[in-house]
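Asks:
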Amino acid sequence: MNTNTINFSQLFLRLAFAVTLLSAVADRLGIWGPPGAPNVAWGDWEHFLAYSNKLNFYVSPQVGNILAILATALEVIFAVMFLIGYKIKLASWGTCLLMVIFALSMTVAMGVKPPLSYSVWTSAGAAALLGSINKYKWSIDNLK
């Protein structure tokens, strides 16, 4: 693959991950609309916690709430890292791990189809691919 293609692809993936992660956070904070509105998955923090605790049924609701907060914080942190191009490998592998945990939790709690339908495994693979790139043009990482 030529350098221009890799440069464009890594930038595209970084921006796609940043926007996707921030969109998920925006949904759980009600920014995309209230619960039940078209194209809104949760619509508020309470509905997101209920969903998160459904996926994390194997821990207490208190621990599940902490996991939801942790996942949300990591999504925001990784999104910002992708946007500014800082420690992209860390953000990529962290996102990959987050997606794998999400996909496994979805599979155990709801079956094989949901993580496939929502392309969670594809996201994990894309994050791993982004993490395997050696140089990130148009990034703070590239200034070193």
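Each residue of the sequence shown is one higher than the one before, counting from -10 in our numbering.
All C-beta atoms in this analysis are idealised placements derived from N, C-alpha and C, irrespective of residue type, glycine included.
#1: Exposed or buried, Gly53, counting other C-beta atoms within 10 Å across all chains shown (16 or more means buried)?
#2: Does DSSP classify Asn28 as helix, strand or coil?
#3: Do Ala7 and Phe91 have their beta-carbon atoms positioned less than 9 Å apart in this structure?
#4: Buried or exposed: where does Glu35 fall if 16 or more other Cβ atoms within 10 Å of its Cβ makes it buried?
#5: For Asn131, name the three-state secondary structure that DSSP assigns.
#6: Determine whether the beta carbon atoms of Ser112 and Thr9 lie at a separation below 9 Å.
#7: Using beta-carbon positions only, say whether Gly75 and Ser12 come within less than 9 Å of one another.
Replies: Reading it off the structure:
#1: Mapped onto the sequence shown, residue 53 falls at position 64. By the neighbour-count rule (16 or more Cβ atoms within 10 Å), Gly53 is buried.
#2: Residue mapping note: residue 28 aligns to position 39 of the sequence shown, counting from 1. In this structure, Asn28 counts as coil in the three-state DSSP scheme.
#3: Within the sequence shown, residue 91 is the residue found at index 102, counting from 1. Within the sequence shown, residue 7 is the residue found at index 18, counting from 1. Not closer than 9 Å, so no.
#4: Within the sequence shown, the letter at position 46 stands for residue 35. That one is exposed.
#5: Taking the sequence shown and counting its residues from 1, one reaches residue 131 at position 142. Asn131 falls in the helix class under three-state DSSP.
#6: Counting from 1 along the sequence shown, the entry for residue 112 is found at position 123. Counting from 1 along the sequence shown, the entry for residue 9 is found at position 20. Yes; because the gap between Cβ atoms is below 9 Å, this pair is in contact.
#7: Here residue 75 corresponds to residue number 86 of the sequence shown, with the count starting at 1. Here residue 12 corresponds to residue number 23 of the sequence shown, with the count starting at 1. Checking the sequence shown, residue 75 turns out to be Tyr, not Gly. Against a cut-off of 9 Å, the Cβ pair of Ser12 and Tyr75 comes out as no contact.
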